[in-house]
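Report on one structure; see the data block that follows.
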Amino acid sequence: MSLTTKEWTSTNIAKLLDSFDRVGNGNFDEFIGGNVKITEKILLRLNDNIHDIVDEALKEGGWRLRRITNVFQHWPTNMQENVLKLLFKHGKWTEETRNAFCSCIASLFIVNVRAGRNVTTICKEEHKKLLQKLSKKQDTGVKLPVINGTLSIFMNVLTLWIAAASDSNERHSYLRDLIETAAISEKMIENDNTNSVAVLNDLLFSLLSQPHRYHRSVVHYVFASFVPQMKLENLLQIFETINLSNEELMQEKDVSESDDQDDEDEDEQENSEQISEENEVNNNGNVTDHQEETDESEFEEDEVGSEVDE
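Here it is in structure tokens:
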């Protein structure tokens, strides 16, 4: 009997999937090999009752979680919303759960490339609303401008990336990107596009340079929408960045980090010099007091020692 017939309820489909998952050590698709992903096709037929399957995937991880991300883009929007909510509600962000959640979000952005001809990027209206709905519940502490369009969607995605970050460094990096994107949006509202596109390009290149594959479709979507606004200098900037070798890119990064470190070292040196001067003044004062009041030397030494400790 075909899975498409009405006799198959979601409950029966879930039972069938569970039976396949018990074969061998699980992961039936890998067990039989080949490109036919039978359990993914079964999972795709589910219209509800996804809660237990997602919970099991979050508990076990591995192929169960990857299977959900593979099927996610083919589910209807209401199922996608339920899955994202369940993943998000879990809240225990590891690298694996972060990747699953962010990969599901990335699959909402469809990128079609025809080499040498054109690139088409699509984010359906219902998916835009879904991203906005999910991101509204997150408090990043950043005041976002009220805008419509591509940058609004991008800021929604950045907000979700912040929430799902698996460590503090990653979270702070996404937060900086969100702040910068908000500033770009403000300038564009005021029709100040002088450097906005160039700054946005730098930000997008930075995201692409990171090892997360889920960045790609989102970056492509944002980039493609701003191509018509680009000037010659923006295109030259892109070509220059593309032509940089890995060594040159690393050198630029090292120089930037070195400048930041130099600033920190200068601040530390100034603070150290100031503390040394204060200690020298205090020491000179202590010697004078000691010479003038020799009769009470023991008491004075204790008092001075206390002041230094403080």
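First residue of the sequence shown: 1, per full-length UniProt numbering; consecutive thereafter.
Glycine is no exception: its CB is placed at the ideal position from the N, C-alpha and C atoms.
None of the values given here were measured: they were computed from a predicted structure.
Just to confirm, is the Cβ distance from residue i to residue j under 8 Å?
{"i": "V71", "j": "L108", "result": "no"}
{"i": "C102", "j": "W161", "result": "yes"}
{"i": "L178", "j": "V142", "result": "yes"}
{"i": "S225", "j": "T120", "result": "no"}
{"i": "L207", "j": "V219", "result": "yes"}
{"i": "L46", "j": "I13", "result": "yes"}
{"i": "T159", "j": "S135", "result": "yes"}
{"i": "I184", "j": "S196", "result": "yes"}
{"i": "A100", "j": "S217", "result": "no"}
{"i": "A115", "j": "L144", "result": "no"}
{"i": "N234", "j": "A198", "result": "yes"}
So for residue i, helix, strand or coil by DSSP?
{"i": "I122", "result": "strand"}
{"i": "D289", "result": "Summary for D289: the model assigns pLDDT 48, below 50, so the residue's position carries little reliability, and this model does not support an answer."}
{"i": "L148", "result": "First, the amino acid is wrong: residue 148 is Asn here, not Leu. Coil, per DSSP."}
{"i": "H74", "result": "coil"}
{"i": "T9", "result": "coil"}
{"i": "P63", "result": "Note on identity: in this sequence residue 63 is Trp, with Pro being the wrong assignment. Helix, per DSSP."}
{"i": "W93", "result": "coil"}
{"i": "K15", "result": "helix"}
{"i": "R171", "result": "helix"}
Which residue or residues does DSSP assign as beta-bridge partners of residue i?
{"i": "R114", "result": "N118"}
For the candidate residues the options, whose alpha-carbon lies nearest to that of residue i?
{"i": "E190", "options": "V146, D139 and D52", "result": "V146"}
{"i": "C104", "options": "Q210, L84 and K136", "result": "L84"}
{"i": "I153", "options": "P76, V227, Q210 and L131", "result": "L131"}
{"i": "L203", "options": "G26, E81, Q80 and M155", "result": "M155"}
{"i": "I50", "options": "E81, D21 and I32", "result": "E81"}
{"i": "W93", "options": "D139, L158 and S168", "result": "S168"}
{"i": "E30", "options": "S10, R66 and Q210", "result": "R66"}
{"i": "E95", "options": "T77, P211 and N234", "result": "P211"}
{"i": "I238", "options": "R117, H215, F205 and V111", "result": "F205"}
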